[in-house]
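Q: Every letter in the sequence shown is one number past the one before it in the UniProt record's numbering, and letter 244, counting from 1, is 244. First, the structure itself, so that you have it in front of you.
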Amino acid sequence: MAPRYNSPPNWPPPPVGWSPPPGWSPDPAWGPAPQGWRFWVDDAGAGSSDPREALAEVGVGEESVGAAQRKSWIARHKILTGAGGVVLLIVVIAALVGGNADPGEEPVVVATTQGADQGEKSADEIAAEEQAEAERLAEEEAAAAAEAEEERLAEEQRLADEAAAAEAAAAEAARIGSVAQQNAYRSALSYLDLTGFSRSGLIGQLEFEGFSTADAEFAIVRLEAEGGVDWNAEAAECAASYLDLMSFSRAGLVDQLLFEGFTPEQAEYGVSTTGL
Numbered sequence: 001m002a003p004r005y006n007s008p009p010n011w012p013p014p015p016v017g018w019s020p021p022p023g024w025s026p027d028p029a030w031g032p033a034p035q036g037w038r039f040w041v042d043d044a045g046a047g048s049s050d051p052r053e054a055l056a057e058v059g060v061g062e063e064s065v066g067a068a069q070r071k072s073w074i075a076r077h078k079i080l081t082g083a084g085g086v087v088l089l090i091v092v093i094a095a096l097v098g099g100n101a102d103p104g105e106e107p108v109v110v111a112t113t114q115g116a117d118q119g120e121k122s123a124d125e126i127a128a129e130e131q132a133e134a135e136r137l138a139e140e141e142a143a144a145a146a147e148a149e150e151e152r153l154a155e156e157q158r159l160a161d162e163a164a165a166a167e168a169a170a171a172e173a174a175r176i177g178s179v180a181q182q183n184a185y186r187s188a189l190s191y192l193d194l195t196g197f198s199r200s201g202l203i204g205q206l207e208f209e210g211f212s213t214a215d216a217e218f219a220i221v222r223l224e225a226e227g228g229v230d231w232n233a234e235a236a237e238c239a240a241s242y243l244d245l246m247s248f249s250r251a252g253l254v255d256q257l258l259f260e261g262f263t264p265e266q267a268e269y270g271v272s273t274t275g276l
């Protein structure tokens with residue numbers, strides 16, 4: 001059967017099933033192991049009978065063993081000495097109060113038992129601690145999940161905002177058009193400020209200025225979409241301009257407006273505003 005590592009009582013206890021790796025050596029602050037301590041034992045309690053050989057297996061050299069052997073019995077048995085002092089103190093206290101105690105009581109044994117009970121946790125305490133630890137872990141998991149969900153929603157909102165901004169920018173770019181279309185739009189506004197134009201007449205004027213038919217059409221459509229032009233009002237303005245230049249009959253003025261590109265309805269409306 002494979003031997004098991006047996007840590008000295010004055011050294012920090014190792015994890016269950018731990019064995020020293022090759023080349024390992026104990027911390028000098030732990031102090032030497034008790035004289036004759038067996039570092040390796042099997043389940044049957046068998047192990048190396050030579051403490052020097054056992055110490056060598058975990059990297060403790062001859063000098064450490066020699067130093068341990070040269071120390072006094074009290075120095076090499078600090079734990080036993082301390083425990084003996086505690087027991088002696090308890091015995092002295094028991095002797096001092098023993099005159100008033102019941103002969104059938106065993107105060108020393110009771111005190112020792114109470115000390116042992118105080119060092120052990122009850123099953124209820126252990127269960128309460130385990131429950132508290134489980135609740136703590138559950139709260140941490142819930143907080144982490146909530147944080148992850150919050151980050152996911154924030155990212156979704158950010159992407160949605162970016163998409164909306166991009167869509168709005170694209171819509172604005174489509175509304176105002178290219179540079180050439182914007183120039184055609186501004187020229188159309190300037191012509192409308194000078195005199196009355198029909199729709200076809202204004203497109204023709206923009207084409208005459210060198211704008212493409214597509215850019216001219218875009219400018220007119222934008223004017224109409226933004227409410228920047230009233231063709232009936234343009235017909236009325238055009239009719240008034242002709243009457244300022246010369247005299248016209250009603251039919252002659254309607255024909256002149258039709259020639260300018262106004263629809264029959266727009267021409268009739270424009271002439272009717274002149275009083276003819």
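Glycine included, C-beta positions come from ideal geometry on N, C-alpha and C.
Which residue wins for smallest C-alpha separation from L206, given the options A180, E226 and E224?
A: Taking the first residue of the sequence shown as position 1, residue 206 is located at position 206. Checking every option, the nearest Cα to that of L206 belongs to A180.
Q: Identify the continuous alpha helix (DSSP H) that holds F208 and give its terminal residues.
A: For this step, residue 208 is matched to residue 208 along the sequence shown. It spans R199 to F208 - the alpha helix (DSSP H) in which F208 sits, taken as one unbroken run.
Q: Determine the closest residue to A33 out of Q266, V41 and P8, with distance taken between C-alpha atoms.
A: Position 33 of the sequence shown, counting from 1, holds the residue named residue 33. It is P8 whose Cα lies nearest to the Cα of A33.
Q: Excluding sequence positions up to five away, which residues of its chain have a Cβ less than 7 Å from the Cβ of S200?
A: Here residue 200 refers to the residue found at position 200 when the sequence shown is read from its first residue. Correct list, in chain order: G261.
Q: How would you call P14, buried or exposed, if buried means at least 16 neighbouring beta carbons within 10 angstroms?
A: The residue you call residue 14 lines up with position 14 of the sequence shown. Classification for P14: exposed.
Q: Hey, how far is the Cα of S241 from the Cα of T195?
A: Counting from one through the sequence shown, the residue named residue 241 turns up at place 241. Counting from one through the sequence shown, the residue named residue 195 turns up at place 195. Cα-Cα distance, rounded: 8 Å.
Q: Secondary structure at V41, three-state DSSP: helix, strand or coil?
A: For the purposes of this step, residue 41 is taken as residue 41 along the sequence shown, with counting starting at 1. Reduced to three states, the DSSP call for V41 is strand.
Q: Tell me where the alpha helix (DSSP H) around A232 begins and ends.
A: To locate residue 232, count along the sequence shown from 1; it is residue 232. A quick correction: the sequence has Asn, not Ala, at residue 232. N232 -> alpha helix (DSSP H) spans W231 to L245.
Q: How about A142: is its Cβ closer than 7 Å to a heavy atom in the ligand FMN?
A: In the structure shown, the ligand FMN is absent, as is every other ligand, since no ligand is present at all.
Q: Between which residues of its own chain and W30 is the CB-CB distance below 6 Å, once the five residues before and five after are set aside?
A: Stepping through the sequence shown from its first residue, residue 30 is reached at position 30. Around W30: W11.
Q: Quick check: A239 and L257, are their CB atoms within less than 8 Å of each other?
A: Start at 1 with the first residue of the sequence shown, and residue 239 comes out as number 239. Start at 1 with the first residue of the sequence shown, and residue 257 comes out as number 257. Going by C-beta atoms, A239 is nearer than 8 Å to L257.
Q: Going straight from the alpha carbon of L89 to that of E141, what length do you get?
A: Mapped onto the sequence shown, residue 89 falls at position 89. Mapped onto the sequence shown, residue 141 falls at position 141. So the alpha carbons of these two residues sit roughly 51 Å apart.
Q: Per DSSP, which one or two residues make a beta bridge with Y5?
A: Against the sequence shown, residue 5 aligns to sequence position 5. Note: Y5 sits in a beta bridge opposite W40.
Q: Determine contact between the segment 145-165 and the segment 184-193, defined as no fewer than three beta-carbon pairs at a distance below 8 Å.
A: No, because fewer than three Cβ pairs between the segment 145-165 and the segment 184-193 fall closer than 8 Å, the two stretches do not touch.
Q: Rounded to the nearest angstrom, what separates L137 and A145 at their Cα positions?
A: Taking the sequence shown and counting its residues from 1, one reaches residue 137 at position 137. Taking the sequence shown and counting its residues from 1, one reaches residue 145 at position 145. Distance between the alpha carbons of L137 and A145 is about 12 Å.
Q: Between the beta-carbon of V254 and the beta-carbon of A236, is there less than 8 Å?
A: Numbered from its first residue, the sequence shown carries residue 254 at position 254. Numbered from its first residue, the sequence shown carries residue 236 at position 236. Contact: no.
Q: What is the rounded straight-line gap between the Cα of residue 323 and the Cα of S198?
A: The first residue shown for the chain is 1 and the last is 276, placing residue 323 beyond what the model contains.
Q: Cβ atoms of P26 and Y5: under 8 Å apart, would you say?
A: Along the sequence shown, read from residue 1 onward, the residue named residue 5 stands at position 5. Along the sequence shown, read from residue 1 onward, the residue named residue 26 stands at position 26. Taking 8 Å as the Cβ cut-off, Y5 and P26 do not qualify as a contacting pair.
Q: If you run the structure through DSSP and keep just helix, strand and coil, what is A143?
A: Counted from its first residue, the sequence shown places residue 143 at position 143. Helix, per DSSP.
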